[in-house]
Amino acid sequence: MAASPSPPPLWPLLASSEPSTVAQRLSLVQLDARMQRLVDPLVAARAGAPTASPPSRGVIIALFANAGFLPFLKNLLCGMDRVGVTNHLVLAFDNQTCPRLSQPFGLRGSTTCTFPYSHKPLTETGIARYRSLEFNRMVMQRPLWVLHWLRSGYEVLQVDLDVSWLADPQPLFRSARYAAHDLLFQSEGGHGFNAGFYLARPKRGAVTVLSAWTADLMRQAESKAFEEQHSLGRSLSRHNRSVPLLVEKLNTSEFPNGKIWWQYREPKSKRDTYVVHCNWVKSNKKGRLVRDNLWALDAEDSQCAAEWDPLAEGCVRYCRPFRYCAPAVRCVPEACATLVRDGWHAMALREGGCNSSSYPRSKRADGS
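Residues in the sequence shown are numbered from 1 upward in steps of one, following full-length UniProt numbering.
This is how it looks when you write it as structure tokens:
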């Protein structure tokens with residue numbers, strides 16, 4: 001059997017005769033006509049049904065991706081697929097994500113992936129140094145596209161790839177509790193609003209905030225102080241009060257961030273939780289998600305796990321016998337003595353092949 005061809009290298013940034021700073025700054029904020037012609041029909045095809053209250057052309061779930069985060073993207077898509085959510089679009093920042101995602105991996109529904117940057121790639125090598133202008137250019141694409149879709153009449157739910165999707169929140173967003181809002185954000189507690197999970201509606205208030213946000217990001221593009229979330233906070237705090245705007249943080253039990261879930265260990269049940277965001281975790285993101293049965297892929301990260309149920313046996317945390325896991329690598333279970341001693345859930349002990357009566361046991365690891 002012939003070996004599969006290697007994926008093509010990431011395409012280089014196009015040269016420009018303009019002074020580098022001017023050319024780079026302009027490229028931060030231009031979604032040109034070619035990009036829009038490619039992406040807009042896909043949004044129209046994938047968006048949910050138009051809504052009358054609040055009025056929109058439908059909801060599109062925006063998933064911005066690169067090949068390095070492909071296992072997390074698949075995990076998120078498998079979670080959405082489990083509950084029948086299909087109104088998503090993957091917008092790739094490199095030319096490898098879409099070909100790799102096109103290989104079947106167990107979705108019952110379909111997914112659409114597009115790479116609109118073939119004529120204007122975001123990086124020279126495919127690797128953007130943290131806080132470099134290339135990195136900042138990539139970060140800015142997300143609010144730029146969200147703003148474009150708002151102006152086109154769509155509601156946009158922007159979801160980071162390190163999110164585990166347990167239930168569909170879209171009916172909740174349409175309910176009386178949230179239907180009137182311009183913007184809904186996952187809470188960062190005292191740190192403000194989370195830029196990695198939010199719903200924006202095609203209303204004047206949301207468009208004004210997104211416009212201010214992208215402008216603020218451009219001003220900071222060459223600064224070491226560039227930070228997407230801080231920029232969002234400034235844009236919200238400086239909003240012109242003459243423009244109506246209704247903003248709310250989502251309930252932290254229903255939409256916990258990583259600090260709430262892993263440090264505070266709240267909520268105590270997954271039953272009312274829609275998504276868990278693995279932010280506030282600098283490393284071992286996959287390990288945290290796998291451990292708490294929030295990872296929807298098989299052992300090789302190649303397929304959606306058959307019959308994955310994040311609510312299995314009522315387990316909330318310490319549900320599987322793995323502490324550290326690397327993406328696309330099979331996880332190695334913890335020793336039975338450790339699992340039993342630290343009070344991991346019974347389903348973790350079974351998967352680890354442990355006999356709990358053979359080891360001393362402490363209180364439950366989740367604090368219960």
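Note that CB positions come from ideal geometry on N, CA and C, so glycine has one too. Since the model is a prediction, treat every value here as computed from it, not as a measurement.
DSSP three-state assignment for residue i, whether helix, strand or coil
i    : result
G343 : coil
V39  : helix
F64  : strand
C98  : helix
W165 : strand
L184 : strand
T338 : helix
L311 : coil
L289 : helix
Q30  : coil
L349 : helix
S356 : helix
A263 : The identity of residue 263 in the sequence shown is Gln, whereas the question assumes Ala. Helix at Q263.
A52  : strand
Candidates the options, of which the one nearest residue i by Cα
i           : options                   : result
P55         : T86, T112 and G153        : G153
N194        : A212, V163 and S302       : V163
A299        : D182, D292 and R330       : R330
N293        : V276, V281, S302 and Q303 : V276
S175        : T51, R204, L217 and V316  : T51
D40         : K74, R177, H119 and C113  : C113
C336        : R137, Y324, R238 and E351 : E351
I61         : A67, W261, P71 and A45    : A45
F115        : G106, F105 and M138       : M138
S53         : H181, Q103 and P99        : H181
R201        : S211, L183 and V209       : L183
A326        : L157, K268 and L297       : L297
D309        : L166, N355 and L89        : L166
F322        : W149, W295, E307 and L311 : W295
S102        : V85, G79, K74 and T86     : K74
residue 378 : C304, D342, R341 and E334 : For residue 378 there is no data in the structure shown, the boundaries of the chain being 1 and 368.
K203        : N136, L31, R100 and R57   : R57
Contacting residues, own chain, Cβ-Cβ under 8 Å from residue i (five flanking each side not counted)
i    : result
T214 : V29, M140, P143, L144 and L147
G367 : Residue placement at G367 is poorly supported in this model, since its pLDDT is 43, which falls under 50; the coordinates still yield a value, given next. Cβ within range, chain order: R265.
Y324 : N284, G287, C331 and V332
L14  : Only weak support is given to the placement of L14: the predicted model assigns it a pLDDT of 32, under 50, and the value that follows is read from those uncertain coordinates. Taken in chain order, the residues that qualify are H119, K120 and P121.
G233 : G192 and F193
L38  : T114 and P116
Delimiting residues of the beta strand (DSSP E) encompassing residue i
i    : result
V316 : It is not in any beta strand (DSSP E) - V316 carries neither H nor E in the DSSP assignment.
K249 : V247 to K249
S235 : Unbroken run through S235 is the alpha helix (DSSP H), E228 to S237; no beta strand (DSSP E).
F193 : F193 to A200
L70  : Segment L70 to R82 is the alpha helix (DSSP H) holding L70; no beta strand (DSSP E) there.
H277 : V275 to H277
L157 : E155 to V159
Residue i burial status per 10 Å Cβ neighbour count (16 or more: buried)
i           : result
V290        : buried
E188        : buried
residue 393 : Since the displayed the chain opens at 1 and closes at 368, residue 393 lies outside it and no answer follows.
E134        : buried
Y318        : buried
N279        : buried
H191        : exposed
S186        : Residue identity differs from the one stated: residue 186 is Gln in this sequence, not Ser. By the 10 Å Cβ count, Q186 comes out buried.
H88         : buried
S235        : buried
H345        : buried
K282        : exposed
E307        : exposed
D272        : exposed
P169        : buried
N257        : buried
D301        : buried
K224        : exposed
D81         : buried
G109        : exposed
Opening and closing residue of the alpha helix (DSSP H) in which residue i lies
i    : result
Q303 : Q303 -> no alpha helix (DSSP H), and no H or E assigned at all.
A215 : R204 to R219
H88  : Taken as a continuous stretch (DSSP letters only), H88 belongs to no alpha helix (DSSP H), being part of the beta strand (DSSP E) at H88 to A92.
Q141 : L133 to R151
Q170 : Q170 to R174
Residues of its chain near residue i, where Cβ-Cβ distance is below 7 Å and the 5 sequence neighbours each way are ignored
i    : result
F69  : L161
L77  : L107 and T111
L339 : P321, A348, L349, G352 and C354
Own chain residues within Cβ distance below 6 Å of residue i, not counting five before or after
i           : result
L199        : L157, F173 and L184
E313        : M347
A212        : S235
L217        : M140 and S231
F93         : N66, L122 and M138
residue 370 : Beyond the ends of the chain as shown, which are 1 and 368, falls residue 370; an answer cannot be given.
L311        : K270
Any chain D beta carbon closer than 8 Å to residue i
i    : result
L157 : Chain labels in this structure do not include chain D; a single protein chain is all it has.
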